[in-house]
Amino acid sequence: MSDTTWLQRAASALAAFRESDHPGVSLIRDLLWVGAVVGCIALALYLFAGTWPAVVTIESESMVPNMNVGDLVLVVDKDRFGDLVTCSEGQLTGYRAFGEYGDVIIYRPNGVDSVHPIIHRAMVYVDTATVEQSALGEYYKDPHGGYITRGDNNPYVDQGSLWIPGVGMVEPVKEEWIVGKALFAVPLIGYLPLHLVEFAAFVIVIIIIHDFVFVRWRKKDE
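Under the working numbering, think of the first position of the sequence shown as 32, with each following residue one higher.
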């Protein structure tokens, strides 16, 4: 089989797929179109943000009132649009983000990829292991240097106070554990990712209804 013949058959098959009125083929076309749009949006977000995930949803009240449950937060690389600024540095320079001094960062606790990233404010950077006071009033020594973080609505910093199953006590955040920093938040839109499965099922049902009902009605009218 020549290359020309193969290309002709491929073009013919593609044209038949594109023009077919079969409900199943039409459904596949719609799903492919949705997938292509989502893929293009994801690629554009990655190119703009320089990190992934480029958006996160606020799922707890630890950042209230500056970030609320259901907010959709755009995340960018920690050094994009300026260096990462801690709360202590922001107090000196006047830099504020989301209502308080310093940047809000998204990080993987103790570098563990299997748990959900945390979005809290970077309070200060410690170069070496330091002594901190835990939520129980006990003193402990950080195992290494890194960023000390805290939720705006929390009374204590994460390090020495926040214990996560499968991770343990949260340690100072190393540079390589940081996913990015928060750029801006859109209220309520984040509820969509929180119910992504339900939304996807709803979209598929709508597509099926469109293809199997409205398309057939149109054929009858013709």
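Glycine included, C-beta positions come from ideal geometry on N, C-alpha and C.
Proximity below 9 angstroms, CB of residue i to CB of residue j
| i | j | result |
| --- | --- | --- |
| Asp-183 | Ser-91 | no |
| Gly-176 | Asp-158 | yes |
| Tyr-138 | Ile-195 | no |
| Tyr-156 | Thr-117 | yes |
| Leu-214 | Val-104 | yes |
| Gly-81 | Val-107 | yes |
| Met-200 | Gly-211 | no |
| Ser-43 | Ser-51 | no |
| Val-234 | Val-86 | no |
Cβ-based burial, residue i [other Cβ within 10 Å; buried from 16]
| i | result |
| --- | --- |
| Phe-129 | buried |
| Ile-72 | exposed |
| His-151 | buried |
| Thr-88 | buried |
| Leu-63 | exposed |
| Met-32 | In this prediction, Met-32 has a pLDDT of 49, which is less than 50 and means its spatial position is unreliable; what the coordinates show is noted afterwards. Classification of Met-32: exposed, given that the 10 Å Cβ count is below 16. |
| Asp-110 | exposed |
| Leu-223 | exposed |
| Ile-237 | exposed |
| Tyr-77 | exposed |
| Thr-36 | exposed |
| Leu-115 | buried |
| Val-188 | buried |
| Gly-113 | exposed |
| Leu-219 | exposed |
| Leu-38 | exposed |
| Gly-197 | exposed |
| Gly-121 | buried |
Proximity winner among the options, relative to residue i (alpha-carbon distances)
| i | options | result |
| --- | --- | --- |
| Asp-144 | Glu-207, Arg-181, Thr-124 and Thr-180 | Glu-207 |
| Glu-131 | Ile-179, Asn-97, Trp-64 and Ala-75 | Asn-97 |
| Pro-140 | Asp-134, Pro-148 and Gly-133 | Pro-148 |
| Gly-270 | Phe-233, Thr-36 and Gly-221 | Limits of the chain in this structure are 32 at one end and 253 at the other, which puts residue 270 out of reach. |
| Lys-205 | Ser-192, Ala-153 and Arg-127 | Ala-153 |
| Glu-202 | Arg-181, Asp-61 and Pro-218 | Arg-181 |
| Ile-136 | Tyr-178, Leu-193, Gly-121 and Tyr-126 | Tyr-178 |
| Arg-49 | Leu-193, Val-146 and Asp-61 | Asp-61 |
| Ala-216 | Arg-40, Trp-83, Asn-99 and Leu-74 | Asn-99 |
Per DSSP, the bridge partner or partners of residue i
| i | result |
| --- | --- |
| Ile-59 | Ile-59 is not bridged to any residue. |
| Val-135 | Arg-152 |
| Glu-200 | The question names Glu, but residue 200 in the sequence shown is Met. In the DSSP output, where bridge partners are listed per residue, Met-200 has Trp-194. |
| Gly-221 | Answer is none; Gly-221 lacks a bridge partner. |
| Thr-180 | Ala-153 |
| Leu-105 | Val-86 and Phe-215 |
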